[in-house]
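Here the structure is laid out as structure tokens; the discussion comes afterwards.
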Amino acid sequence: WIWAYWLCIVLTLLSSLSDCVQFEQPSDLIKNLKDNVKISCKHNDNNLDVMLWYHQWRESPTMALIGYSYSRIPPNNEPGYPDTSFKQTRIDAVTGDLTIFNLNVSDSAVYYC
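In structure tokens:
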């Protein structure tokens, strides 16, 4: 979320018309194999109806889309990310969770919402 904060500052400096959305996500999470983990995300713009979840492995320059959710529609996971392993929960328009079940080594990544 630090990069989003700095991007927000840069955009504000470049354009007086820019509205910045602030996101809150936890910092590093360290878990054991086979554990479950819940990653929460919150932002401050009620007009953003969609929440997207991505992850990026250390050795990869790109991010992969896990899935997305709208505030009033059931979430949708991309192929390769079954609901039994990656569960999205939308609490309200600005808050959502991604729960990853039965962690394994391949789940070690940076997660973004």
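Using mature numbering (1 follows the signal peptide of the UniProt record, and there is no 0), the letters of the sequence shown correspond one by one to residues -23 to -1, 1 to 90. Idealized CB from N, CA, C, for every residue including glycine. These figures come from a predicted structure and were not determined experimentally.
Which residue marks the beginning of the beta strand (DSSP E) containing residue i, and which one marks its end?
{"i": "residue 64", "result": "63 to 69"}
{"i": "residue 74", "result": "72 to 77"}
{"i": "residue 51", "result": "50 to 54"}
{"i": "residue 17", "result": "14 to 20"}
{"i": "residue 82", "result": "Looking at the DSSP string, residue 82 is not in any beta strand (DSSP E), and its letter there is neither H nor E."}
{"i": "residue 114", "result": "With the chain running from -23 to 90 in the structure shown, residue 114 is simply not present."}
{"i": "residue 42", "result": "41 to 47"}
Leaving out the 5 sequence neighbours to the left and right, which residues in its chain are closer than 7 Å to residue i when beta-carbon positions are compared?
{"i": "residue 67", "result": "28, 46, 48, 52, 73"}
{"i": "residue 86", "result": "32, 33, 34"}
{"i": "residue 84", "result": "77"}
Within the same chain, show all residues whose beta-carbon is closer than 6 Å to that of residue i, passing over the 5 residues directly before and after it, in chain order.
{"i": "residue -9", "result": "For residue -9, the predicted model reports a pLDDT of 37, less than 50, meaning its position is unreliable and no value from the coordinates is stated."}
{"i": "residue 82", "result": "none"}
{"i": "residue 30", "result": "43, 44, 75, 90"}
{"i": "residue 92", "result": "The shown model of the chain, from -23 to 90, leaves out residue 92, and the question about it has no answer."}
Closest to residue i by CA distance: which of the options is it?
{"i": "residue 71", "options": "22, 13, 35", "result": "22"}
{"i": "residue 62", "options": "69, 78, 10, 54", "result": "78"}
{"i": "residue 50", "options": "20, 12, 37, 26", "result": "26"}
Taking residue i and residue j to be in contact with their CB atoms under 8 Å, please state how far apart those CB atoms are, rounded to whole angstroms.
{"i": "residue 16", "j": "residue 88", "result": "5 Å"}
{"i": "residue 11", "j": "residue 80", "result": "6 Å"}
Give me, in chain order, the residues of the same chain whose beta-carbon lies closer than 8 Å to that of residue i; leave out the 5 immediate sequence neighbours on both sides.
{"i": "residue -21", "result": "Low confidence applies here, because residue -21 scores a pLDDT of 46, under 50, leaving its location unreliable and the question unanswered by this model."}
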